[in-house]
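Note that the protein sequences, when read in sequence, are chains G and R. For what it's worth, our numbering labels the leading residue of the first sequence as 744, then goes sequentially. For what it's worth, our numbering labels the leading residue of the second sequence as 1477, then goes sequentially.
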Amino acid sequence: MNDLRFNHIANRLKLALVAVGLVLLSSIGARAADVKVIANSSVSAASISSGDLQSVFLLDKDTIGGGHVLPVLSKGGAAHESFIKTYLGKNDSALQAYYRSLVFTGKGSMPKTLSSDAEVVAYVAKTKGAIGYVGSGASTEGVKTLQVR
Amino acid sequence: MLNKYVASGTLAILGLSMGLHAQEFKALGRTVQVHGFATQGFLHSSSNNYLTMDTNSGSFALTDFGANASTELTDKIHVGAQVYDRNVGHLGSWRPSLDWAVADYKYKSWLEFRGGQVKTTLGLFTDTQDLEFLYTWALLPQAVYPVDLRGENIAHIGGDVTGRVKVKKLGSFAYTAFGGKQPSDMRGGFVYGIASAPTTPVLNGHMTRLSSYGGTSFGGDLRWQTPVKGLLVGSSFLAKDLTTKGTNSYWITKLVVVSGPYAKYTKADHTTGVYSEYTFRNFRFDGEYRRQQRETSTTQIKDTCKTSGVCTVSNNASPSSYDYRYGYVAASYRFAKWFEAGAYNSRYIAAAGTNWDLPTNHIYDQAVTGKFDINRFVDLKVEGHFMSGNGGAKVDRGFYPNDNNGYANVTDMLVVRTGFHF
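1) Rounded to the nearest angstrom, what separates Lys818(G) and Ser858(G) at their Cα positions?
2) For Gln1499(R), which residues of its own chain have a beta-carbon under 6 angstroms away from its beta-carbon, when the five flanking residues on both sides are left out?
3) Name the two residues that bound the continuous alpha helix (DSSP H) containing Ala1826(R).
4) Hey, is the segment 1606-1619 of chain R in contact with the segment 1585-1593 of chain R, meaning 3+ C-beta pairs nearer than 8 angstroms?
5) Which runs of the beta strand (DSSP E) fall wholly inside the segment 1697-1727 of chain R and span at least 3 residues, in chain order?
6) My output table needs one value for Asp1661(R): the three-state DSSP class, helix, strand or coil.
7) With DSSP as the reference, please indicate the residues paired to Met1863(R) in a beta bridge.
8) When DSSP labels each residue in this structure, what does Asn1878(R) get in the three-state scheme?
9) With a threshold of 8 angstroms between beta carbons, is Phe1513(R) in contact with chain G?
10) If we ignore side chains and look at the alpha-carbon of each, how far apart do Asn1724(R) and Tyr1689(R) end up?
11) Using C-beta distances below 6 angstroms, list every residue in its chain close to Ala1884(R), excluding the 5 sequence neighbours before and after it, in chain order.
12) Go ahead and pull the three-state DSSP assignment for Phe1666(R).
13) Among the candidates Leu802(G), Ala788(G), Ala881(G) and Ile874(G), whose CA atom is the shortest distance from the CA of Met853(G)?
14) Using the C-alpha atoms, what's the distance from His1682(R) back to Ala840(G)?
15) Tell me Tyr1754(R)'s beta-bridge partners as DSSP assigns them.
16) Please list the partners that Lys1857(R) has in chain G, where partner means a Cβ-to-Cβ separation under 9 angstroms.
17) 8 angstroms is my cut-off, CB to CB: does Lys1716(R) come that close to chain G?
18) Can you name the residues that DSSP bridges to Met853(G)?
19) Examine the ligand ADP and report whether any of its heavy atoms sits within less than 7 angstroms of the Cβ of Gly1656(R).
20) Relative to chain R, which residues along the segment 784-802 of chain G have a C-beta separation below 7 angstroms, given in chain order?
21) Would you call the segment 1611-1629 of chain R in contact with the segment 1837-1847 of chain R, where contact means no fewer than 3 C-beta pairs closer than 8 angstroms?
22) Under a CB-based cut-off of 8 angstroms, is Val846(G) close to chain R?
23) Looking only at its own chain, which residues have a Cβ that is under 6 angstroms from the Cβ of Asp1636(R), when we skip the five neighbours before and after it?
24) Below 9 angstroms on C-beta distance, what does Gln1768(R) contact in chain G?
25) Run through DSSP, which three-state label would Val799(G) get?
26) Taking the straight line between their C-alpha atoms, what separation do you get for Glu1548(R) and Glu862(G)?
27) Just the Cα atoms here: how many angstroms apart are Ile1777(R) and Arg1893(R)?
28) Say whether chain G places a C-beta atom closer than 8 angstroms to the C-beta of His1554(R).
29) Tell me the DSSP secondary structure of Lys887(G) in three-state form.
30) Could you check whether the Cβ of Ala865(G) sits closer than 8 angstroms to any Cβ belonging to chain R?
31) How is Leu1538(R) classed by DSSP in three states: helix, strand or coil?
32) Kindly indicate if chain R contains any beta-carbon less than 8 angstroms away from that of Asp805(G).
33) Which residues in chain G sit within 7 angstroms of Lys1595(R), going by Cβ to Cβ distance?
34) Return the chain-ordered list of same chain residues with a C-beta closer than 8 angstroms to the C-beta of Thr883(G), the five sequence neighbours on each side being excluded.
See the structure below:
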């Protein structure tokens, strides 16, 4: 009787482990990002680490390579979803909640948010220190593309 | 009265949702951001009245709103202020108050200074507890974030030193050290609780009315964003030194009353807490545990007034000691962009040294919630509460003698709350 019960529990544990493994594998597969990180020409850096990118967009860090930077977000879309999931580790509602928690406690301002890749590129091109992201197929004339390390 | 509450809350939310979106305007060459929020709730309980509302009959007296403006003075200096107003049963009384007004200087990500009236960073949600749109819950776990006592920990007039340090492979550590004066919430549950016990003359009993309370508070918070994706753990500490003043009346007979000054001094008031939060995909788990130890001494009309015939004001012979324990665990899951659901178990123990199972020594609350995100700015929550215990006379929160003609041991409650923010 005890053996039967033990086997039953062991089988359940095996199933749970397999499920956890599958979930972890699928999350690794989702890391491929089809976005370009762009910056105003005043940003001296040619590349940025993924950790710094996260810090800039979570408003922890406001300098890159000694120069002031300003994050610029997209309102939605595939590039936005891919960027925030890959580099910020949040979905859109969690990210908005994070920004609002700062805005409504006096700890920060809401970053500039624009509706399309073209608007992001145009804003980044004219704004000193601006750093944003667009889909990999978007035209990036007038801005520099940062390599993410 | 009911109509007034409903009308005010509905108008606030409708007016905001029709006319307002996040606003930006230029002033003196700088961009100023304006944001705001409003909520309206309805509560109906099976027995005890809760949070100073007539919940047993059904109450709409849960309304609050706030608005802020902020700007960047330089790349490093951020300034702003927020006004907050609420009417929660007998609390708040629609009187607007300054919620926060801060100037923030960020030297580096690891060193930042904040001064003014600053929201207190203590555990997961102390500073954001009014922002219902951030949470699954219509009411946050009341053991840790009591609506009636929000004014006790929510802000300090003073300063913070804060920052975040990244440590390779170990995640990051965010610290905050704070100190200052605690703003007095004269329309909050603390003052209401003291004034409501008792509200009518009691033979050989005291009745107290407060004129002021306040003092210093300082503490710190350290949180570790661990290398395990989505896992945060933290710890916080708060110490207070409060003085409460007012008048105290003592009835010798039904017709003879002696009045004198009342004062309560804090000899020690320390709160320590630990907390954790874990998010994985659409799951979210969090929990907190706190212990508050307090020792006070009170000056009031001597209890021996009647028997001795000498009515003097003096210190109590021995200070009063309190040992509160409280915490919660919560889990929620987002099923769709427009819907998430969750549950929590919140526990409050009034006197850790006595039997925790006594209904007069605890308030346990199990809540189940469904949250509907109607759009990006408006939500609606439906929440069931299954509470046991009432804390009796030992508890200065949730259930007040003034609102209840004796206490039931079990209270079930429905809460419906809607909110808007921009």
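Quick reminder that beta carbons are idealized off the backbone N, C-alpha and C, glycines included.
So, from the listed chains and residues:
1) By one-based count along the first sequence, residue 818(G) stands at place 75. By one-based count along the first sequence, residue 858(G) stands at place 115. Approximately 5 angstroms, taken between the alpha carbons.
2) Here residue 1499(R) is taken as the residue at index 23 of the second sequence, counted from 1. Once the five neighbours on either side are set aside, the close Cβ partners of Gln1499(R) are Val1510.
3) Residue mapping note: residue 1826(R) aligns to position 350 of the second sequence, counting from 1. Per DSSP, Ala1826(R) belongs to no alpha helix (DSSP H) and is neither H nor E.
4) no
5) 1707-1727
6) Translated into the one-based positions of the second sequence, residue 1661(R) becomes position 185. If DSSP states are grouped into helix, strand and coil, Asp1661(R) belongs with coil.
7) If you number the second sequence from 1, residue 1863(R) lands on position 387. Beta-bridge pairing links Met1863(R) to Asp1841(R) and Thr1887(R).
8) Within the second sequence, the letter at position 402 stands for residue 1878(R). In the structure shown, Asn1878(R) sits in a helix (DSSP, three-state: H, G or I).
9) In the second sequence, the residue the question calls residue 1513(R) occupies position 37. Yes, Phe1513(R) lies at the interface with chain G (some Cβ there is under 8 angstroms from its Cβ).
10) Reading the second sequence from its first residue, position 248 is the one you call residue 1724(R). Reading the second sequence from its first residue, position 213 is the one you call residue 1689(R). Taking the straight line from one Cα to the other gives about 15 angstroms.
11) Numbered from 1 along the second sequence, position 408 holds the residue referred to as residue 1884(R). Counting only Cβ-Cβ distances below 6 angstroms, and skipping sequence neighbours, we find Ser1523 and Asn1524.
12) One-based indexing of the second sequence puts residue 1666(R) at position 190. Three-state result, Phe1666(R): helix.
13) For the purposes of this step, residue 853(G) is identified with residue 110 of the first sequence, where counting begins at 1. When only C-alpha atoms are compared, the closest one is Leu802(G).
14) In the first sequence, residue 840(G) corresponds to position 97, counting from 1. In the second sequence, residue 1682(R) corresponds to position 206, counting from 1. Using only the alpha carbons, I get a separation of about 47 angstroms.
15) Reading the second sequence from its first residue, position 278 is the one you call residue 1754(R). DSSP output for Tyr1754(R) lists Leu1707(R) and Phe1761(R) as bridge partner(s).
16) Residue numbering aside, residue 1857(R) sits at position 381 when the second sequence is read from its first letter. Chain G residues near Lys1857(R): none, gap ~15 angstroms exceeds 9 angstroms.
17) Translated into positions along the second sequence, residue 1716(R) becomes position 240. Not one chain G Cβ lies under 8 angstroms of Lys1716(R).
18) Residue mapping note: residue 853(G) aligns to position 110 of the first sequence, counting from 1. Partner(s): none; Met853(G) has no beta bridge.
19) In terms of ligand content, the structure shown is empty, and the ligand ADP therefore cannot be addressed.
20) Gly794 and Ser798
21) yes
22) For this step, residue 846(G) is matched to residue 103 along the first sequence. Yes - at least one Cβ of chain R is within 8 angstroms of the one on Val846(G).
23) As a working mapping, residue 1636(R) is identified with position 160 in the second sequence. Excluding sequence neighbours, Asp1636(R) sits near Arg1590, Val1594, Thr1652 and Phe1654.
24) Here residue 1768(R) refers to the residue found at position 292 when the second sequence is read from its first residue. The contacting residues do not exist; Gln1768(R) stays about 23 angstroms from chain G at best.
25) Counting from one through the first sequence, the residue named residue 799(G) turns up at place 56. DSSP places Val799(G) in helix when its eight states are reduced to three.
26) By one-based count along the second sequence, residue 1548(R) stands at place 72. By one-based count along the first sequence, residue 862(G) stands at place 119. Cα to Cα, Glu1548(R) sits roughly 23 angstroms from Glu862(G).
27) Counted from its first residue, the second sequence places residue 1777(R) at position 301. Counted from its first residue, the second sequence places residue 1893(R) at position 417. Each residue's alpha carbon lies about 44 angstroms from the other.
28) As a working note, residue 1554(R) is residue 78 in the second sequence. Yes - at least one Cβ of chain G is within 8 angstroms of the one on His1554(R).
29) Stepping through the first sequence from its first residue, residue 887(G) is reached at position 144. DSSP places Lys887(G) in strand when its eight states are reduced to three.
30) As a first step, residue 865(G) must be located in the first sequence, where it is residue number 122. Cβ-Cβ to chain R under 8 angstroms: no for Ala865(G).
31) Counting from 1 along the second sequence, the entry for residue 1538(R) is found at position 62. DSSP places Leu1538(R) in strand when its eight states are reduced to three.
32) Within the first sequence, the letter at position 62 stands for residue 805(G). Yes, its Cβ sits closer than 8 angstroms to a Cβ of chain R.
33) If you number the second sequence from 1, residue 1595(R) lands on position 119. Those are Thr848 and Gly849, listed as they occur along chain G.
34) Here residue 883(G) refers to the residue found at position 140 of the first sequence. The residues are Lys779, Ile781, Val864 and Val877.
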